[in-house]
Each structure stands twice: as structure tokens, then as C-alpha cells.
Amino acid sequence: MPYYELWIDRSRREEIVAKLRELCEEVWEVYYNYDLIVKVSDESKLKMDGIVYYKRHYRC
Numbered sequence: 011m012p013y014y015e016l017w018i019d020r021s022r023r024e025e026i027v028a029k030l031r032e033l034c035e036e037v038w039e040v041y042y043n044y045d046l047i048v049k050v051s052d053e054s055k056l057k058m059d060g061i062v063y064y065k066r067h068y069r070c
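Encoded structure:
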């Protein structure tokens, strides 16, 4: 399963992280150029309100 870097609406951070924890195998909160790294089986799960942008993590 691939990992994805996510940029989220930070005003709704808690709500979005809680929802992602239900949908994804792993959710890592990071403070780099993006907000989260998630491991998910189906990229379509990331097409939800509150996720501003996502891309596949370059090392995975």
C-alpha cells in the first residue's frame, strides 16, 4: 500500500484526522512541508472535504 502526503484545512484538523484514522491503515502527523502522511489502500478515500491537496509520498 502506498503512502501519501496530505495538506489539510488546518481549521478542521481534529475532525479530518479522526476521519482519516477510520479510513487509513496508518496516519502520521508531521510538521514538514505537508501536514500528514497516510497509508491507504485506495487513493479515492482521500477525495474528501477538508483535504486541500495530496500526492504520493516520494519514498514509498
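Counting in our numbering, the final residue of the sequence shown is number 70, and the numbers go up one at a time with none missing.
Backbone N, C-alpha and C fix where the C-beta goes; we use that ideal spot for every residue, glycine too.
| Item | Value |
| --- | --- |
| Helix or strand or just coil, what does DSSP make of K49? | strand |
| Quick check: I61 and E15, are their CB atoms within less than 7 Å of each other? | no |
| In or out: V50 buried (at least 16 other Cβ within 10 Å) or exposed? | buried |
| Rounded to whole angstroms, what's the CA-CA distance from E35 to S21? Just pull it up for me. | 24 Å |
| Measuring CB to CB, does W74 end up less than 7 Å from D45? | Outside the shown range of the chain, which is 11 to 70, sits residue 74, and nothing can be said about it. |
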